[in-house]
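In UniProt numbering, the protein residues as written are 1 to 256.
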Amino acid sequence: MNPPRTAMRRPPLSAISADAVAPARVGRPPRVSVQAIIAAALELGLEQVSLKQIARHLGVAPATLYRHVRNRNELLRLAAFELTLARRLPSGNTEHWSELATRYAETLFESFVAEPQLMNELLKGRLGPQAEIDLLDQFLAAVCQHGFDPEQGVRLFHSIGTLMLGAAAGAIGLQASRDSGPSWSQAVHDALAARDADELPYVRQVFPQTLERQPHHWLPALRALLTGVAALRGEVLPEPSPQQRYAAGRQPADRH
1 MNPPRTAMRR PPLSAISADA VAPARVGRPP RVSVQAIIAA ALELGLEQVS LKQIARHLGV
61 APATLYRHVR NRNELLRLAA FELTLARRLP SGNTEHWSEL ATRYAETLFE SFVAEPQLMN
121 ELLKGRLGPQ AEIDLLDQFL AAVCQHGFDP EQGVRLFHSI GTLMLGAAAG AIGLQASRDS
181 GPSWSQAVHD ALAARDADEL PYVRQVFPQT LERQPHHWLP ALRALLTGVA ALRGEVLPEP
241 SPQQRYAAGR QPADRH
């Protein structure tokens, strides 16, 4: 004969934890953005911060963060980009407005060239407008001290941004081609050598002295832009500083 089975008893309701009987959360989860994640990382400190700590700080599950950043390294790159721009925003105290514009251009160019992944993030629409509007407001505060109205300042801001993103993309591509094979100059030389001697006569006139500087050589293009802005304001742009003249004459290889 089989022994009697011991009756299985449910634990009393009071023994079940409050978490176990708490009703499921309803409604949308807390909203989080790339900018909020970056701000939390900066607040907690970049050296040791983890995505788990950031999730706890923002009150969301760690999986939520991975919808916006792939990993900690990507987060650090984005945060470093924002810090770089914040540290180097122009001040309008004593400089001519064209110097402020040049410093802003240098900031954009160097930030994107130093971290090419940022260009990919921008093209994917992942950087968002948050950092840009903060930067724009401070830029306007600086140039408006020099007689610009906000609309003029916005046009200058966007014109510089358009120019420098193109220059940075060109420089990134130039460096990538140099890392993967012959230099840009050698590639142009080989392309010309493969054509008949009477082909491309105008290109041959300007190679190598001009083509070797492109697309990395952006200061003359920026100065042309600023000269046009100055003319619209009834001004004559000051002569470039010795440092700017020196940089304008450097070859792409000198910057790496």
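Built from N, CA and C at the ideal position, the CB exists for glycine as well.
How big is the Cα-Cα spacing for glycine 166 and alanine 221?
C-alpha of glycine 166 to C-alpha of alanine 221: approximately 11 Å in a straight line.
Same chain, Cβ closer than 7 Å to glutamine 117, neighbours up to 5 away in sequence not counted:
Once the five neighbours on either side are set aside, the close Cβ partners of glutamine 117 are Arg77.
Going by DSSP in three states, tyrosine 202 sits in which element: helix, strand or coil?
Reduced to three states, the DSSP call for tyrosine 202 is helix.
May I ask which residues mark the beginning and end of the alpha helix (DSSP H) holding glutamate 110?
Glutamate 110 -> alpha helix (DSSP H) spans 97–114.
Please tell me whether glycine 161 and leucine 219 are closer than 8 Å, where the distance is taken between their beta carbons.
In this structure, glycine 161 lies away from leucine 219, with their beta-carbon atoms at least 8 Å apart.
Quick one: Cα of glycine 173 to Cα of leucine 232, how far?
If you take the alpha carbons of glycine 173 and leucine 232, they lie about 34 Å apart.
Would you check if the distance between the CB atom of valine 229 and the CB atom of leucine 156 is smaller than 8 Å?
Yes. Within cutoff.
Counting only the same chain and skipping the five closest in sequence on each side, list residues whose C-beta sits under 8 Å from that of leucine 225.
Non-local beta-carbon contacts of leucine 225 in its own chain, meaning distances under 8 Å to residues more than five positions away in sequence, involve Ser159, Ile160, Leu163 in chain order.
Using 8 Å as the threshold, is the C-beta distance between histidine 146 and tryptophan 97 below it?
Taking the C-beta atoms as reference points, tryptophan 97 is found nearer than 8 Å to histidine 146.
Within its chain, find whatever has a CB closer than 7 Å to the CB of leucine 237; leave out the 5 residues flanking it on each side and keep chain order.
Once the five neighbours on either side are set aside, the close Cβ partners of leucine 237 are Ser98, Leu226, Thr227, Ala230.
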